[in-house]
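Remarks on the structure that follows.
Residue numbers (my numbering): 1 to 126.
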């Protein structure tokens, strides 16, 4: 009797997982390059956002950081609305910058994995 694994495999053999669900390759040149460029753009957007905050205006920095942290920026906006009156303005800014920075790091890791897998596929190592 065969198990849930590959056809003809003995009972109790775990099913094969697709290669795309495995961990991303480590030490990827493409992945590092893409993640570094993304984080540099995010840092520039944060710098512009800090400048806008100090100048008391809104503009390109707010839009750029929202685009760069998509799709997490929509969830962060909903979280900010729910916390609205619970925190003072300075506390909301600290929470907002912290969560937005975490979203940028998450996106950098996702982009690293995508570029690393593309590099692996192009070089035929997978």
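Yeah, the Cβ is synthetic: ideal placement off N, Cα and C, and Gly gets one too.
Supposed close pair residue i, residue j - CB separation, criterion 8 Å
i, j, result
"residue 111", "residue 38", "5 Å"
"residue 76", "residue 100", "6 Å"
DSSP-derived helix/strand/coil call for residue i
i, result
"residue 73", "helix"
"residue 99", "helix"
"residue 43", "helix"
"residue 113", "helix"
"residue 28", "coil"
"residue 90", "helix"
"residue 57", "coil"
CB contact flag (residue i, residue j, <8 Å)
i, j, result
"residue 79", "residue 92", "no"
"residue 68", "residue 104", "yes"
"residue 74", "residue 48", "no"
Beta-carbon contacts of residue i that lie in its chain and below 6 Å, excluding the five residues immediately before and after
i, result
"residue 124", "none"
"residue 85", "none"
"residue 17", "Residue confidence for residue 17 is low, a pLDDT of 49 falling below 50, so the modelled location carries little weight; the figure read from the coordinates is stated next. Counting only Cβ-Cβ distances below 6 Å, and skipping sequence neighbours, we find nothing."
Same chain, Cβ closer than 8 Å to residue i, neighbours up to 5 away in sequence not counted
i, result
"residue 34", "111, 112, 114 and 115"
"residue 58", "52"
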